[in-house]
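Chains as they are written, first to last, in our numbering: chain A, 7 to 331; chain B, 229 to 482.
Set out below in structure tokens:
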């Protein structure tokens, strides 16, 4: 891609992102606040702004993680919730909800966010252990599926034992951006900068993988070590996003597809655009969730699932008609 | 390049054993043998894709002492069937970007491609008659066009030794002739070429022939040596005969 084309597309995505954040600050389920000065400052700066920035950052983290997952596993249906991170996070949240009544100090300290992050981390770790390492992508994917099923079963057991927790767990499963605080925004911003920086530096390894694993190895790349780093980034980005927003569907899967044609073939550009695309998709969905049936808000995960699912259907139809995705 | 008591393993099984080979420097060596003889495995062992023991030396230095990146600068490898492989992901680098991947062993993580990288990519694409394809996505090319691009990727590494597994596969006769021509150019630059070939008549155009059978060395020698021809006929159980056509040898079924 020519440099000026890249800059033009990047500027477009950044401007669109900024407009969405601004809209997110002005619009809410209680109505629009077109005048900053005359509006409730707490509502704008302590609720809507962190929520909008947080939704954008969570989407960006999921978009980046989705892009990494699809490139690393060379599979267009790979998403960040593979490798057991989603079911691990869900189990983490269920465990905290289930056992806090016992009065464990460490459980209270950990909180729901910490529980989700720790659960996601344990889920990925268990997948890695079951796969016997990270060298065999197919074995790792299968291990992720197995761990997801096992942790999902454990989670079902919790809801069976404590049916009163069903609604809270369901809310986590549908995703929620209403409770994102400034501290959550800070955590996600730091994680995003770190993950994006490292990913962009080592992205040539993903380009080389498009020629096949063996050819990539003969180009002198430390493939095993870089694969481990990318899995670490995938887990960190997913864990941070899930801990703040719950399990938001389709963003990680759809964002890389949304930008693929715009970005071209180079992974450095694809992953950067996938990150921005994820942010745009989630924040747009959040705006729709807030305003579509205002003053009632619908879960943002429902909107992302509908938007992402619809887009993938269109993509599938175009592909089946001979067009390239 | 020499190997001494080389054993190559795929998992726990030895696919090649006790190979003592002498691959002459600055010459073209072809490797022939029936299916499953271990031809591709030999190339994969040299570039570090398969485990081996014994010794492989290049100019007297054991290959196991090279760091990955140094080995990648010295030996380039073209995979068998890579031109027909399709990527499930559907996204595709452009031809130019694909050939630039050949420069990865020469680049640092934080460096953009240098002028010398760009000129090497351009030269490689021109050599394989693929410069006009430079902006096309790799996945949209025909098998033959893609093979020329992958050969350009191999050239872009600018290594002393080029290992090629079926480099002429998918190419039409004019482009096969082009590849043979640029192979001559590379030999003129002092490069060492090692190719796995199924076409006996093309293999006999090399300077040196190595014959493998069932994981063992059957014979090695000059392609013009009558003893090599006899060994080749024996390798295929006498089911072929060799005839001279002009300056070339051709293999015909008996």
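Where a beta carbon is used, it is the ideal one built from N, C-alpha and C, also for glycine.
Please read all numbers here as calculations on a predicted model, not as lab measurements.
Three-state secondary structure (DSSP) of residue 232/B: Position 4 of the second chain holds residue 232/B. Three-state DSSP puts residue 232/B in a strand.
Cβ of residue 10/A within 7 Å of any chain B Cβ: Position 4 of the first chain, counting from 1, holds the residue named residue 10/A. Not closer than 7 Å to any Cβ of chain B, the Cβ of residue 10/A fails to qualify, so no.
For residue 261/B and residue 463/B, believed in contact at Cβ under 8 Å, the rounded distance: Within the second chain, numbered from 1, the residue matching residue 463/B stands at position 235. Within the second chain, numbered from 1, the residue matching residue 261/B stands at position 33. Confirmed, about 7 Å.
Cβ of residue 414/B within 7 Å of any chain A Cβ: Residue numbering aside, residue 414/B sits at position 186 when the second chain is read from its first letter. For residue 414/B, the answer is no, since every Cβ of chain A falls outside 7 Å of its Cβ.
Any 3 or more C-beta pairs closer than 8 Å across the segment 464–479 of chain B and the segment 424–435 of chain B: yes
Proximity test, Cβ basis, 7 Å: residue 273/B and chain A: Looking up residue 273/B in the second chain gives position 45. It does not; no Cβ of chain A falls within 7 Å.
Per-residue contacts from residue 207/A into chain B (C-beta, under 7 Å): Position 201 of the first chain, counted from the start, is the residue given in the question as residue 207/A. Those within 7 Å of residue 207/A in chain B are 337 and 338.
Contacts that residue 296/B makes with chain A (C-beta to C-beta distance below 7 Å): As a first step, residue 296/B must be located in the second chain, where it is residue number 68. Going along chain A in sequence order, the residues near residue 296/B (Cβ under 7 Å) are 226 and 228.
Contact set for residue 345/B: own chain, Cβ-Cβ below 6 Å, skip 5 residues either direction: Numbered from its first residue, the second chain carries residue 345/B at position 117. Closer than 6 Å at Cβ, skipping near neighbours: 331.
7 Å Cβ cutoff, residue 260/A in contact with chain B: For the purposes of this step, residue 260/A is taken as the residue at position 254 of the first chain. No, its Cβ sits nowhere closer than 7 Å to a Cβ of chain B.
Neighbour flag for residue 328/A against chain B, beta carbons, 7 Å: Position 322 of the first chain, counted from the first residue, corresponds to residue 328/A. Interpretation of residue 328/A is limited by its pLDDT of 49, a score under 50 that renders its predicted location unreliable; the figure taken from the coordinates is listed afterwards. Chain B, which has no Cβ nearer than 7 Å to the Cβ of residue 328/A, makes this no.
Interface partners of residue 100/A on chain B, CB under 8 Å: Sequence index remark: in the first chain, residue 100/A carries index 94 (1-based). Within chain B, no residue comes near residue 100/A; the closest Cβ sits about 34 Å away, beyond 8 Å.
Beta-carbon separation (whole angstroms), residue 102/A vs residue 118/A, contact threshold 8 Å: If you number the first chain from 1, residue 102/A lands on position 96. If you number the first chain from 1, residue 118/A lands on position 112. At roughly 6 Å, the Cβ-Cβ gap stays under 8 Å, so residue 102/A and residue 118/A are in contact.
Closest residue to residue 143/A among 180/A, 80/A, 62/A and 252/A (Cα-Cα distance): Locating residue 143/A in the first chain gives position 137, where the first residue counts as 1. When only C-alpha atoms are compared, the closest one is 80/A.
Neighbourhood of residue 328/A by C-beta, 8 Å cutoff - its chain only, sequence neighbours within 5 removed: To locate residue 328/A, count along the first chain from 1; it is residue 322. With a pLDDT of 49 at residue 328/A, under the threshold of 50, the modelled position of that residue is not reliable, and the figure given next carries that caveat. Nothing meets the Cβ criterion.
Residue span of the beta strand (DSSP E) that contains residue 441/B, given as start and end: In the second chain, residue 441/B corresponds to position 213, counting from 1. Unbroken beta strand (DSSP E) run through residue 441/B: 436–441.
Chain-order list of residues whose beta-carbon lies under 6 Å from that of residue 94/A (same chain, five-residue window excluded): Position 88 of the first chain, counting from 1, holds the residue named residue 94/A. Correct list, in chain order: 125, 126, 128, 129 and 157.
Boundaries (first-last residue) of the alpha helix (DSSP H) holding residue 53/A: Here residue 53/A corresponds to residue number 47 of the first chain, with the count starting at 1. Unbroken run through residue 53/A: none, as it is neither H nor E.
Contacts that residue 143/A makes with chain B (C-beta to C-beta distance below 7 Å): Translated into the one-based positions of the first chain, residue 143/A becomes position 137. Within 7 Å Cβ-Cβ: nothing; residue 143/A doesn't reach chain B, min ~12 Å.
Burial state of residue 166/A, where buried means 16 or more other Cβ atoms lie within 10 Å: Residue mapping note: residue 166/A aligns to position 160 of the first chain, counting from 1. By the 10 Å Cβ count, residue 166/A comes out exposed.
Completely contained alpha helix (DSSP H) runs for the segment 438–469 of chain B, where each covers 4 or more residues: 454–463
Pair within 7 Å by beta-carbon distance, residue 327/B and residue 353/B: The residue labelled residue 327/B in the question sits at position 99 within the second chain. The residue labelled residue 353/B in the question sits at position 125 within the second chain. The answer is yes: Cβ separation under 7 Å.
Buried/exposed call for residue 48/A, threshold 16 Cβ in 10 Å: The residue you call residue 48/A lines up with position 42 of the first chain. Classification for residue 48/A: exposed.
Cβ of residue 305/B within 7 Å of any chain A Cβ: As a position in the second chain, residue 305/B is number 77, starting the count at 1. Closer than 7 Å: yes.
Residues of the segment 187–213 of chain A with Cβ closer than 8 Å to any Cβ of chain B, in chain order: 207, 208, 210 and 213
Residue-chain proximity (residue 274/A, chain B), Cβ-Cβ < 7 Å: Translated into the one-based positions of the first chain, residue 274/A becomes position 268. Not closer than 7 Å to any Cβ of chain B, the Cβ of residue 274/A fails to qualify, so no.
Same chain only: Cβ atoms within 6 Å of residue 19/A, ignoring 5 sequence neighbours per side: Looking up residue 19/A in the first chain gives position 13. Same-chain partners within the cutoff: 282.
Residue 213/A, buried or exposed, once every other Cβ within 10 Å from all chains shown has been counted against 16: Sequence index remark: in the first chain, residue 213/A carries index 207 (1-based). That one is buried.
Beta-bridge pairing of residue 279/B - partner residues as DSSP gives them: Here residue 279/B is taken as the residue at index 51 of the second chain, counted from 1. Answer by DSSP bridge pairing, in chain order: 237/B.
Residue 524/B: first and last residue of the uninterrupted alpha helix (DSSP H) it sits in: Any answer about residue 524/B is impossible in this case: the structure gives chain B only from 229 up to 482.
Cβ-Cβ distance between residue 300/B and residue 307/A below 7 Å: Position 72 of the second chain holds residue 300/B. Position 301 of the first chain holds residue 307/A. Cβ atoms of residue 300/B and residue 307/A: not closer than 7 Å.
Same chain only: Cβ atoms within 6 Å of residue 286/B, ignoring 5 sequence neighbours per side: Against the second chain, residue 286/B aligns to sequence position 58. Cβ neighbours of residue 286/B beyond the five flanking positions: 229.
When 174/A, 240/A and 17/A are compared against residue 98/A, the one with the closest alpha-carbon: Here residue 98/A refers to the residue found at position 92 of the first chain. Closest by alpha carbon: 174/A.
Under the three-state DSSP convention, the category residue 304/A falls into: If you number the first chain from 1, residue 304/A lands on position 298. Residue 304/A: coil per DSSP, three-state reduction.
Per DSSP, the bridge partner or partners of residue 188/A: Taking the first residue of the first chain as 1, we reach residue 188/A at position 182. Residue 188/A is not bridged to any residue.
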